[in-house]
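Visitor:
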Ligand code: BES
Ligand code: MN
Ligand code: ZN
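In the working numbering, the protein residues as written are 1 to 492.
Now the structure itself:
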């Protein structure tokens with residue numbers, strides 16, 4: 001799928017598929033007499049009335065120079081002729097769905113005066129490209145018969161000359177997020193027997209190959225042992241697959257600029273370990289490396305955009321399995337920080353791999369550290385699948401992440417890290433217990449991590465509810481790549 005930006009007049013050239021936006025007062029995103037007549041005719045028929053997200057497909061419209069016309073409803077315009085962001089997003093979501101099934105080879109999207117109250121033209125184009133690419137994503141690498149490829153090969157985004165520069169910027173960002181999100185989704189969707197810690201390490205090396213700004217280093221179990229990562233290694237102890245600590249360093253700015261560090265939970269399959277999970281739905285625990293996948297996806301986008309920043313990505317990759325060497329409930333281990341941990345439940349393994357990664361990243365003297373993890377079922381209960389749970393020890397960083405979530409549409413919601421919750425992690429046998437009881441499970445997990453992240457500004461994203469969908473649409477969502485990329489772009 002290729003996108004281009006151009007200026008053109010509707011009706012001047014023959015389009016295989018012309019897409020126009022129409023608001024409820026009947027005004028279209030282009031001015032054309034014959035089109036206006038057609039719009040009033042369909043409004044009269046009542047088949048289409050311009051509600052946000054509504055679509056109407058017309059084949060071979062007489063008097064218009066196109067094979068197919070797709071009308072997309074924009075909803076109501078305000079006194080300044082503008083529509084809201086939400087209306088626009090509804091419209092382009094429908095557009096993306098229609099583009100997926102159209103039999104046209106190319107499409108022309110007339111985006112001329114879709115005027116959004118709060119966002120610029122770059123954002124509009126970016127969202128459009130992102131949504132179209134997102135809806136065209138397929139995962140059929142493991143199927144013998146592949147699904148029919150999407151017919152549309154080229155999409156022209158038509159705008160005025162004055163809008164072109166912004167449109168080009170948005171197009172570039174949208175494309176880059178498209179490839180980062182798609183990498184993230186692929187990694188998430190591959191099953192545990194393909195996507196192992198070793199596989200994630202190979203993918204990281206592949207990203208760095210041929211890119212001078214990006215370097216990759218893999219720490220093996222023996223290296224982690226030397227570093228004293230007793231907590232991380234207690235998780236991989238029960239598995240035949242070796243754990244990997246993956247490190248990607250992107251240098252886009254001066255050496256003196258402190259890096260932003262992203263840390264991903266990379267449990268490539270979470271059985272729960274000796275605290276074995278129940279069987280139903282356990283297949284979905286192949287998605288327990290979606291934090292890692294989103295961090296790698298973000299790096300993919302970052303190198304495509306070549307942002308002038310220093311960014312380090314760390315992936316703590318392991319399986320959580322219950323073999324004869326597995327960690328047992330009640331075992332006490334020593335983390336890299338020196339703190340001892342009583343492992344009361346081996347299914348609370350995400351925090352055990354992350355805490356050592358959080359200590360490890362102190363060496364980078366980070367400007368900020370953000371960890372991303374499918375950490376708790378409790379977060380899914382609290383926020384469902386719409387918002388990522390966000391925790392931070394810095395109000396400024398929290399505000400930046402919330403803002404990035406709002407702009408990108410990849411939303412996060414801040415949760416409390418109050419000291420009161422810390423007492424739930426008391427242990428009679430070690431410095432800290434790895435679980436905090438039934439109450440506030442997502443918060444106590446974050447509180448656990450906070451104890452290892454006190455040397456820098458830190459945020460934790462619990463993506464247990466947002467990283468994948470269940471049921472008929474089962475699959476990785478690519479979240480929170482858009483949020484992270486937006487956060488990084490805002491840093492430039
Ligand atoms: N990977 C899971 C969290 C999870 C569960 C994400 C279901 C999405 C859906 C994590 O490792 C886990 O098992 N957490 C436990 C923690 C508990 C033992 C304190 C949980 O949430 O039940
Ligand atoms: Mn678990
Ligand atoms: Zn897990």
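All residues carry an ideal CB built from backbone N, CA and C; glycine is no exception.
For residue 22, which residues of its own chain have a beta-carbon under 8 Å away from its beta-carbon, when the five flanking residues on both sides are left out?
Guide: In the chain shown, counting from the first residue as 1, residue 22 sits at position 22. Taken in chain order, the residues that qualify are 28, 29, 39, 48, 50, 71, 72, 73 and 74.
Visitor: Just checking my contact of residue 100 with residue 54 at CB under 8 Å: how many whole Å lie between their CB atoms?
Guide: Counting from 1 along the chain shown, the entry for residue 100 is found at position 100. Counting from 1 along the chain shown, the entry for residue 54 is found at position 54. In this structure residue 100 does not touch residue 54 by the C-beta definition: roughly 17 Å separates them, more than the 8 Å allowed.
Visitor: Any heavy atom of the ligand BES within a distance shorter than 8 Å of the CB on residue 78?
Guide: The count along the chain shown starts at 1 and reaches residue 78 at position 78. Not under cutoff, so the answer is no.
Visitor: Quick one: Cα of residue 492 to Cα of residue 202, how far?
Guide: The count along the chain shown starts at 1 and reaches residue 492 at position 492. The count along the chain shown starts at 1 and reaches residue 202 at position 202. Put simply, the backbone Cα of residue 492 is about 29 Å away from that of residue 202.
Visitor: In whole angstroms, what is the alpha-carbon distance linking residue 189 and residue 219?
Guide: Here residue 189 refers to the residue found at position 189 of the chain shown. Here residue 219 refers to the residue found at position 219 of the chain shown. Distance between the alpha carbons of residue 189 and residue 219: 25 Å.
Visitor: If distances are taken between C-alpha atoms only, which option among 226, 299, 156 and 321 comes closest to residue 288?
Guide: Residue 288 sits at position 288 when you count from the first residue of the chain shown. Closest by alpha carbon: 321.
Visitor: Thinking C-alpha only, which one of 60, 65, 343 and 131 is nearest residue 496?
Guide: Residue 496 lies beyond the stretch modelled for the chain, which goes from 1 to 492, so this question has no answer here.
Visitor: Residues in the same chain with beta-carbon distance under 7 Å from residue 364, minus the five sequence neighbours each way, listed in chain order, please.
Guide: Locating residue 364 in the chain shown gives position 364, where the first residue counts as 1. So the qualifying residues of the chain are 259, 261 and 312.
Visitor: Who are the Cβ neighbours of residue 171 in its own chain at under 7 Å, not counting the five residues just before and after it?
Guide: The sequence position of residue 171 within the chain shown is 171, counting from 1. So the list reads 3, 5, 125, 129 and 157, once near-sequence residues are dropped.
Visitor: With a CB to CB cut of under 7 Å and the five nearest residues on each side skipped, what residues in its chain are close to residue 347?
Guide: Mapped onto the chain shown, residue 347 falls at position 347. Listed in chain order, the non-local C-beta contacts of residue 347 below 7 Å within the same chain comprise 272, 273, 275 and 277, local neighbours out to five positions each way being set aside.
Visitor: Can you tell me whether residue 81 is helix, strand or coil according to DSSP?
Guide: Start at 1 with the first residue of the chain shown, and residue 81 comes out as number 81. Here residue 81 sits in coil by DSSP.
Visitor: What do you get for residue 44, buried or exposed, if any count of 16 or more other CB atoms within 10 angstroms of its CB means buried?
Guide: Stepping through the chain shown from its first residue, residue 44 is reached at position 44. Exposed.
Visitor: Verify the contact flag: residue 387, CB atom, against every heavy atom of the ligand BES, threshold strictly below 8 Å.
Guide: Against the chain shown, residue 387 aligns to sequence position 387. No; taking the cut-off as 8 Å, the Cβ of residue 387 has no heavy atom of the ligand BES nearer than that.
Visitor: Is the beta carbon of residue 270 within less than 8 Å of some heavy atom of the ligand NAD?
Guide: Because the ligand NAD does not appear in the structure shown, any question about it cannot be addressed here, the ligands present being the ligand BES, the ligand MN and the ligand ZN.
Visitor: Closer than 8 Å is the cut-off here; do at least three beta carbon pairs connect the stretch 370-381 with the stretch 347-356?
Guide: yes
Visitor: Give the range of the beta strand (DSSP E) segment to which residue 71 is assigned.
Guide: Translated into the one-based positions of the chain shown, residue 71 becomes position 71. Residues 66-75.
Visitor: So is the beta-carbon of residue 277 under 8 Å away from any non-hydrogen atom of the ligand MN?
Guide: Reading the chain shown from its first residue, position 277 is the one you call residue 277. Yes, the ligand MN has a heavy atom inside 8 Å of this Cβ.
Visitor: Which class does residue 60 belong to by DSSP, given the choice of helix, strand or coil?
Guide: Numbered from its first residue, the chain shown carries residue 60 at position 60. It is coil, neither helix nor strand.
Visitor: Of the residues 381, 88, 419 and 369, which one's Cα is nearest the Cα of residue 398?
Guide: As a first step, residue 398 is located in the chain shown; it is residue number 398 there, counting from the start. The shortest Cα separation from residue 398 among 381, 88, 419 and 369 belongs to 369.
Visitor: Less than 8 Å between the CB of residue 241 and some heavy atom of the ligand ZN, yes or no?
Guide: Locating residue 241 in the chain shown gives position 241, where the first residue counts as 1. Not so, every heavy atom of the ligand ZN lies at least 8 Å from the Cβ.
Visitor: Assuming the contact rule is C-beta atoms closer than 8 Å, residue 389 and residue 413 should be a hit. Round their C-beta distance to whole Å, please.
Guide: Here residue 389 refers to the residue found at position 389 of the chain shown. Here residue 413 refers to the residue found at position 413 of the chain shown. Confirmed, Cβ separation roughly 7 Å.
Visitor: Under DSSP, the beta strand (DSSP E) around residue 247 begins and ends at which residues?
Guide: Position 247 of the chain shown holds residue 247. Element bounds for residue 247: 244-251.
Visitor: In terms of residues, what are the limits of the beta strand (DSSP E) holding residue 421?
Guide: If you number the chain shown from 1, residue 421 lands on position 421. No beta strand (DSSP E) holds residue 421; DSSP gives it neither H nor E.
Visitor: Excluding sequence positions up to five away, which residues of its chain have a Cβ less than 6 Å from the Cβ of residue 229?
Guide: Along the chain shown, read from residue 1 onward, the residue named residue 229 stands at position 229. Only 336 and 356 meet the Cβ criterion.
Visitor: Out of 366, 179 and 236, which has the shortest C-alpha to C-alpha gap to residue 324?
Guide: Within the chain shown, residue 324 is the residue found at index 324, counting from 1. Residue 324 has its Cα closest to that of 236, out of 366, 179 and 236.
Visitor: Say yes only if the C-beta of residue 410 is nearer than 8 Å to one or more non-hydrogen atoms of the ligand ZN, and no if none qualify.
Guide: Locating residue 410 in the chain shown gives position 410, counting from the first residue. Residue 410: no, Cβ never under 8 Å from the ligand ZN.
Visitor: Counting C-beta neighbours from all protein chains within 10 Å, is the total for residue 239 16 or more, i.e. buried, or is it exposed?
Guide: Start at 1 with the first residue of the chain shown, and residue 239 comes out as number 239. It counts as buried.
Visitor: When you compare only the Cα positions, how much space is there between residue 401 and residue 95?
Guide: Taking the chain shown and counting its residues from 1, the one referred to as residue 401 is at position 401. Taking the chain shown and counting its residues from 1, the one referred to as residue 95 is at position 95. Cα to Cα, residue 401 sits roughly 28 Å from residue 95.
Visitor: Given 8 Å as the limit, tell me if residue 362 has its C-beta closer than that to any heavy atom belonging to the ligand MN.
Guide: Position 362 of the chain shown holds residue 362. Every heavy atom of the ligand MN is 8 Å or more from the Cβ of residue 362, so no.
Visitor: Less than 8 Å between the CB atoms is what I'm expecting for residue 467 and residue 477, so what's the real figure, rounded?
Guide: Mapped onto the chain shown, residue 467 falls at position 467. Mapped onto the chain shown, residue 477 falls at position 477. At roughly 6 Å, the Cβ-Cβ gap stays under 8 Å, so residue 467 and residue 477 are in contact.
Visitor: Note down, in chain order, each residue of its chain lying with its Cβ closer than 8 Å to the Cβ of residue 488, except the 5 sequence neighbours on either side.
Guide: Translated into positions along the chain shown, residue 488 becomes position 488. Excluding residues within five positions, the ones whose Cβ falls inside 8 Å are 260, 298, 302, 307, 309 and 311.
Visitor: Return helix, strand or coil for residue 471, following the three-state DSSP convention.
Guide: As a working mapping, residue 471 is identified with position 471 in the chain shown. Here DSSP, grouped into helix, strand and coil, assigns residue 471 to helix.
Visitor: Taking 8 Å as the line, does the beta carbon of residue 282 fall inside it for any heavy atom of the ligand ZN?
Guide: As a first step, residue 282 must be located in the chain shown, where it is residue number 282. Residue 282 Cβ: outside cutoff for every heavy atom of the ligand ZN.
Visitor: What does DSSP give as the partner residues of residue 320 in its beta bridges?
Guide: As a first step, residue 320 must be located in the chain shown, where it is residue number 320. In DSSP, residue 320 forms a bridge with 270.
Visitor: Can you give me the C-alpha to C-alpha distance between residue 440 and residue 162, rounded to a whole angstrom?
Guide: Here residue 440 refers to the residue found at position 440 of the chain shown. Here residue 162 refers to the residue found at position 162 of the chain shown. About 51 Å.
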